[in-house]
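A.B. asks: Below is the structure I would like to discuss, written out as structure tokens.
There are 2 protein chains.
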Amino acid sequence: MSHLEEYLEANRDRFEEDLCELLRIPSISTDAEYAPEVRRAGEWMHSQFLALGLDSEIIETAGHPIIYAESPPIEGAPTALVYGHYDVQPPDPLDEWKSPPFEPQRRDGNLYARGATDDKGQMLTHVKSVQAWVEGEEQLPLQVKFVIEGEEECGSENLHAFLKDPKSQERLAADVVVVSDTSQFGPGQPAITYGLKGIAYYELHVIGPQQDLHSGSFGGAVTNPANALARMLGALVDDFGRIQVPGFYDDVIPLTDRERNMFATLAFSEEAFCEQIGVSALSGEAGFSTLERRWARPTCDVNGIWGGYQGAGSKTVLPSRASAKFSFRLVPDQDPQKLTAALREMLEELCPPGVTMELVDMHGAPGVVVSLESPYMEAAAKAIEHGFGRSPVFIRTGGSIPIVTDFKEALNADPLLLGWGLDDDNTHSPNEKFCLADFHRGIKASAYLWRELSRVDSSE
Amino acid sequence: MSHLEEYLEANRDRFEEDLCELLRIPSISTDAEYAPEVRRAGEWMHSQFLALGLDSEIIETAGHPIIYAESPPIEGAPTALVYGHYDVQPPDPLDEWKSPPFEPQRRDGNLYARGATDDKGQMLTHVKSVQAWVEGEEQLPLQVKFVIEGEEECGSENLHAFLKDPKSQERLAADVVVVSDTSQFGPGQPAITYGLKGIAYYELHVIGPQQDLHSGSFGGAVTNPANALARMLGALVDDFGRIQVPGFYDDVIPLTDRERNMFATLAFSEEAFCEQIGVSALSGEAGFSTLERRWARPTCDVNGIWGGYQGAGSKTVLPSRASAKFSFRLVPDQDPQKLTAALREMLEELCPPGVTMELVDMHGAPGVVVSLESPYMEAAAKAIEHGFGRSPVFIRTGGSIPIVTDFKEALNADPLLLGWGLDDDNTHSPNEKFCLADFHRGIKASAYLWRELSRVDSSE
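So the protein sequences, as listed, match chains A and B.
Reminder that position 390 of the first sequence reads as 390 in our numbering, one-by-one numbering, no gaps.
Reminder that position 428 of the second sequence reads as 1428 in our numbering, one-by-one numbering, no gaps.
See the structure below:
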């Protein structure tokens, strides 16, 4: 692999430049106005794959296109499928960015831009490692397939549908699904994420009078949708951080002793964590540590709330409606659909007379946990040790990658979640970044991954 | 009074023309661009008073001028002070007006224009009734003073300051303060409003992490300010519509049996009310009727709420802060300052670890109730019966007119709230109107009011 390592070293600037090129495209998938930019990012991926001599296709969907690519099959070696996404979150609030979100800027060894770590930078490490094999070694030691979508930040609806199609399942057939869209445990401490939370995301509208009313003339007699919304949301979690939807915890797989011990030995400082995010204290479900809460216990967050007058000064209005976005993070084996039914019933009971509620089920996916004993897991650990110079720890995450569950269901292939990011990368926030050293370590680990995976007996 | 009635009859067109002249001046006090027009409206008032031979002055303030006028004192008779305002709300949205807001148009017996009912039309009835006495009878039977301000729609800040000055208090000394800036109970059913609610208006900010966080990575361990805000607001009112701030009801003067009976006999249809505002049911404090809730019980309304992601689609964010505007409507003898202290303590107890709260006291004013036994009240009822051909009902309102409280405090004079408007006059909305018949009935009632008030023994 020394030849390949030389190639990687010689091409650092070129790889970074390619990443910057992709980051300059504002591929915000949640906003219809940016649809042409999302497509442009997809086309950019397509041209990358073609340049590597891969068989690649822009697969049209009802929304943003899926970019597919594959290298030739290798007899006797397993097949790895790389999943990633070329779309990004909206950048707002814009005024909190130190440099414009779509003009990548290098500062302190990091590259700052929306999508730097989530997921353009991380995803690209696997494209560049294939490039290293193809240009540096001539041939990959196993077949690598790529499915890079443009709708991860808005629910992956069309990829979801695509994966349900038996023809797609045949085409995508693989032994493992490699995903780099998570984080290391900390700077210099790589990790393999063996568990992901699921999610159930909702929008709740509480609808009252046909127009805003004077709160003096009508208040106290006409049900106020904003009051009702606050009460309904406030009832979701009790004083002990326990979610109050009936039956919510029925299917939760408890943490094992091995897991609790493993998490407890990780170098995690609550104080440093508080300082990092700027809070004086933490809170959460009683009886669980912070890492357990974040990684392996279900949670409930209001993601947005709005209604009535938000401007300066005081306006004495009884708003005609109020709304919120909120979501639950789920753990195996909670079922989002079962939850939605129980939630709807609970909210309808809480909804007072005089207002109506509309609960929109935005998207849902169950959580996933991979066996720590899988040979692919061991192969990945070796590759990471090569790339990062340190063995990875095994962690879980509170993040949800619903599509990972879909892949598992569609292809019966376990995910390998190899996160190159860091917790303070400001994913989904202003000043998103990706450490450039990790970008290159990720490429190297990925290059080794193809070798390690190729040695696993896939007939097992 | 037959001579005076003839005069009123003969001058109907002239009075309407005068009103139209005033309505043509776009005296929008909230918009600095319209300052010259606001002044023009004030000067127009001043010239009206001078033409009636009253002693009048344009009193300059830091904002728009106050127009003051007075007739000569009458030995042995009380003094009445008329309060009104010559400024208006902005007319937007303009495209919803059927005729331009500052080109008064007669349609179906109404006069349509911004300010028609609030307050140019209603206020002018008292000027025209004085004109009738002065031109038709030569002399008013009591001293009438006028304080007509140009800042009612933007907070009355300068009038508030003016009323605190002992010199002003001496100059304005009166036995009653006559205000026509409210509504009749319904078409053809005049009313005297003997109670106004007070108000305590707050802004609440709940502040968490220094920036928005990924709800997957941080949710469940980091206190979510939007969850906390919902719980805090949700705790303000219980399932029975009772406000939970400790001691909240301690100083509430209960409704008397007379009041409850009086309200119960009013022609008020809950069904029609629901239909008017477009709701299927009403709710509120248990044990009270809709009118009691609206007029005489304290209430709590969230006026605005915001935090996190409000755009389309789903953003999995744990917002760094969340805020709300909310207000209580108060009844005598609740004290806004005492309430603020109890509220702050309650919210601080509810505020979970990991977030901080900031409670901003925006403004407060106590409620006011005038005794139904006051001889001025009886005089006003008689005058209204003359003017409208029907005895008024005695009502209260959930609205707050802080300046009325200021007058009561500054002059120790009870307010007489004689509303000539109607609930569907579109106050503050497009197509504001004033029923022309009510304009003339108001002038006649006002003309009789001067006679009836003059007969009250003010030394009592």
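Glycine residues also receive a C-beta, built at the ideal position from the N, C-alpha and C atoms.
If you're wondering where the values come from, they're calculated on a predicted model, not measured in any experiment.
Let's see if you can read the secondary structure: which residues bound the alpha helix (DSSP H) around Gln131/A?
C.D. replies: Here the question's residue 131/A lines up with position 131 in the first sequence. Here the alpha helix (DSSP H) through Gln131/A covers 121-132.
A.B. asks: For the beta strand (DSSP E) containing Ile58/A, list its first residue and its last residue.
C.D. replies: Counted from its first residue, the first sequence places residue 58/A at position 58. Segment 55-59, the beta strand (DSSP E) holding Ile58/A.
A.B. asks: Under 8 Å, Cβ to Cβ, is there at least one residue of chain A near Tyr1309/B?
C.D. replies: Within the second sequence, the letter at position 309 stands for residue 1309/B. Cβ-Cβ to chain A under 8 Å: yes for Tyr1309/B.
A.B. asks: Quick one, which residues of the segment 230-248 of chain A are near chain B if we go by CB-CB under 9 Å, in chain order?
C.D. replies: Under the 9 Å Cβ criterion, the segment 230-248 of chain A contributes Ala230, Arg231, Met232, Leu233, Gly234, Ala235, Leu236, Val237, Asp239, Gly241.
A.B. asks: Could you tell me whether any Cβ in chain A is nearer than 8 Å to the Cβ of Ile1395/B?
C.D. replies: Taking the first residue of the second sequence as 1, we reach residue 1395/B at position 395. So no, Ile1395/B is outside the interface.
A.B. asks: So, do the segment 1215-1230 of chain B and the segment 440-448 of chain A have three or more beta carbon pairs nearer to each other than 8 Å?
C.D. replies: With a cut-off of 8 Å, the segment 440-448 of chain A and the segment 1215-1230 of chain B do not count as touching, because too few Cβ pairs lie within range.
A.B. asks: Just grab the DSSP bridge partners of Gly241/A for me.
C.D. replies: On the first sequence, position 241 is the one that residue 241/A refers to. DSSP output for Gly241/A lists no bridge partner at all.
A.B. asks: For His1205/B, report the span of its beta strand (DSSP E) as first-last.
C.D. replies: The residue given as residue 1205/B occupies position 205 in the second sequence. Run containing His1205/B: 1198-1207, per the beta strand (DSSP E) assignment.
A.B. asks: Please work out which residues of its chain come closer than 8 Å, Cβ to Cβ, to Leu422/A, disregarding the five sequence neighbours upstream and downstream, and give them in chain order.
C.D. replies: As a first step, residue 422/A must be located in the first sequence, where it is residue number 422. Closer than 8 Å at Cβ, skipping near neighbours: Thr117, Ser183, Gln184, Gly186, Pro187, Cys435, Asp438.
A.B. asks: What number of angstroms, rounded off, separates the C-alpha of Thr290/A from the C-alpha of Leu1233/B?
C.D. replies: As a position in the first sequence, residue 290/A is number 290, starting the count at 1. As a position in the second sequence, residue 1233/B is number 233, starting the count at 1. Going from the Cα of Thr290/A to the Cα of Leu1233/B covers about 27 Å.
A.B. asks: Could you tell me whether the segment 314-331 of chain A touches the segment 1246-1266 of chain B, using the rule of 3 or more Cβ pairs below 8 Å?
C.D. replies: No: fewer than three Cβ pairs fall under 8 Å.
A.B. asks: How is the alpha helix (DSSP H) around Pro319/A delimited, first residue to last?
C.D. replies: Taking the first sequence and counting its residues from 1, one reaches residue 319/A at position 319. No alpha helix (DSSP H) contains Pro319/A, which DSSP labels as neither H nor E.
A.B. asks: What is the DSSP secondary structure of Gln1189/B, counted as helix, strand or coil?
C.D. replies: Along the second sequence, read from residue 1 onward, the residue named residue 1189/B stands at position 189. Three-state DSSP puts Gln1189/B in a strand.
A.B. asks: Let me confirm a value: Phe1288/B is counted as buried when at least 16 other C-beta atoms fall within 10 Å, else exposed. Which label applies?
C.D. replies: For the purposes of this step, residue 1288/B is taken as the residue at position 288 of the second sequence. Answer is buried; the Cβ neighbour count reaches 16.
A.B. asks: At the 8 Å Cβ level, is Met1346/B part of the contact set with chain A, yes or no?
C.D. replies: If you number the second sequence from 1, residue 1346/B lands on position 346. Output row for Met1346/B: interface = no.
A.B. asks: List the DSSP bridge partners of Tyr112/A.
C.D. replies: Counting from one through the first sequence, the residue named residue 112/A turns up at place 112. In the DSSP output, where bridge partners are listed per residue, Tyr112/A has Gln105/A, Lys433/A.
A.B. asks: Take Arg458/A as the anchor and find which of Ala379/A, Val404/A, His428/A has the nearest alpha-carbon.
C.D. replies: To locate residue 458/A, count along the first sequence from 1; it is residue 458. For clarity, residue 458/A is Ser in the given sequence; the question names Arg instead. Minimum Cα distance to Ser458/A is reached at Ala379/A.
A.B. asks: Under the three-state reduction of DSSP, which class applies to Gly328/A: helix, strand or coil?
C.D. replies: By one-based count along the first sequence, residue 328/A stands at place 328. Residue 328/A is actually Phe in this sequence, not Gly. Phe328/A: strand per DSSP, three-state reduction.
A.B. asks: Does the segment 1387-1405 of chain B come within contact of the segment 1186-1200 of chain B, defined as at least 3 CB pairs closer than 8 Å?
C.D. replies: Short answer: they touch.
A.B. asks: Have a look at Glu5/A, Val177/A, Gly219/A, His363/A and flag the residue whose alpha-carbon is nearest the alpha-carbon of Asn412/A.
C.D. replies: Looking up residue 412/A in the first sequence gives position 412. Ranking the options by Cα distance to Asn412/A, first place goes to Val177/A.
A.B. asks: Any beta carbon from chain B within less than 8 Å of Ser280/A's own beta carbon?
C.D. replies: As a working mapping, residue 280/A is identified with position 280 in the first sequence. Output row for Ser280/A: interface = yes.
A.B. asks: With 8 Å as the threshold, decide whether the Cβ of Phe1049/B is near any Cβ in chain A.
C.D. replies: Stepping through the second sequence from its first residue, residue 1049/B is reached at position 49. Answer no: the Cβ-Cβ gap between Phe1049/B and chain A never drops below 8 Å.
A.B. asks: Is the segment 8-21 of chain A close to the segment 127-145 of chain A, with three or more CB pairs under 8 Å?
C.D. replies: Taking 8 Å as the limit for Cβ pairs, the verdict is that the segment 127-145 of chain A does touch the segment 8-21 of chain A.
A.B. asks: By the three-class DSSP mapping on this structure, what secondary structure does Pro414/A have?
C.D. replies: Your numbering for residue 414/A matches position 414 in the first sequence. The sequence shown places Asp at residue 414/A, not Pro. If DSSP states are grouped into helix, strand and coil, Asp414/A belongs with the strands.
A.B. asks: Taking Cβ-Cβ distances below 9 Å as the criterion, which residues of the segment 204-222 of chain A are in contact with chain B?
C.D. replies: Residues Gly208, Pro209, Gln210, Gln211, Leu213, His214, Ser215, Gly216, Ser217, Phe218, Gly219, Gly220, Ala221, Val222.
A.B. asks: For Asp250/A, does the three-state DSSP call read helix, strand or coil?
C.D. replies: Here residue 250/A is taken as the residue at index 250 of the first sequence, counted from 1. Asp250/A: coil per DSSP, three-state reduction.
A.B. asks: Under a CB-based cut-off of 8 Å, is Leu422/A close to chain B?
C.D. replies: Stepping through the first sequence from its first residue, residue 422/A is reached at position 422. Leu422/A does not count as touching chain B.
A.B. asks: Considering only C-alpha positions, which residue in the set His205/A, Trp420/A, Phe407/A, Pro209/A is nearest to Asp361/A?
C.D. replies: Here residue 361/A is taken as the residue at index 361 of the first sequence, counted from 1. Answer by Cα proximity: His205/A.
A.B. asks: Which residue's Cα is closest to the Cα of Trp1295/B: Leu1163/B, Val1369/B, Ala1113/B?
C.D. replies: For the purposes of this step, residue 1295/B is taken as residue 295 along the second sequence, with counting starting at 1. Taking only the C-alpha atoms, the option nearest Trp1295/B is Val1369/B.
A.B. asks: For Glu37/A, count neighbouring Cβ atoms within 10 angstroms of its own Cβ and tell me buried if that reaches 16, exposed if not.
C.D. replies: Within the first sequence, the letter at position 37 stands for residue 37/A. It counts as buried.
A.B. asks: Output the distance between the C-alpha atoms of Pro402/A and Val179/A, rounded to the nearest integer angstrom.
C.D. replies: Residue numbering aside, residue 402/A sits at position 402 when the first sequence is read from its first letter. Residue numbering aside, residue 179/A sits at position 179 when the first sequence is read from its first letter. Rounded to whole angstroms, Pro402/A to Val179/A spans 12 Å at the Cα level.
A.B. asks: Compare the C-beta of Val1088/B against all C-beta atoms of chain A and say whether one is closer than 8 Å.
C.D. replies: Here residue 1088/B corresponds to residue number 88 of the second sequence, with the count starting at 1. Chain A contact via Cβ: absent.
A.B. asks: Please list, in chain order, the chain B residues whose beta carbon lies closer than 7 Å to that of Ser283/A.
C.D. replies: Translated into the one-based positions of the first sequence, residue 283/A becomes position 283. Here the neighbours are Thr1223, Pro1352, Pro1353, Gly1354.
A.B. asks: Out of Glu1043/B, Gln1139/B, Pro1090/B, which one is the CA nearest neighbour of Asn1426/B?
C.D. replies: Translated into the one-based positions of the second sequence, residue 1426/B becomes position 426. When each option's Cα is compared against that of Asn1426/B, the closest is Pro1090/B.
A.B. asks: Any idea what DSSP makes of Val1393/B, helix, strand or coil?
C.D. replies: Taking the second sequence and counting its residues from 1, the one referred to as residue 1393/B is at position 393. Correct three-state label for Val1393/B: strand.
A.B. asks: Report whether the distance from the Cβ of Gly1155/B to the nearest heavy atom of the ligand HEM is below 7 Å.
C.D. replies: What this structure holds is no ligand at all, so the ligand HEM is not there to describe.
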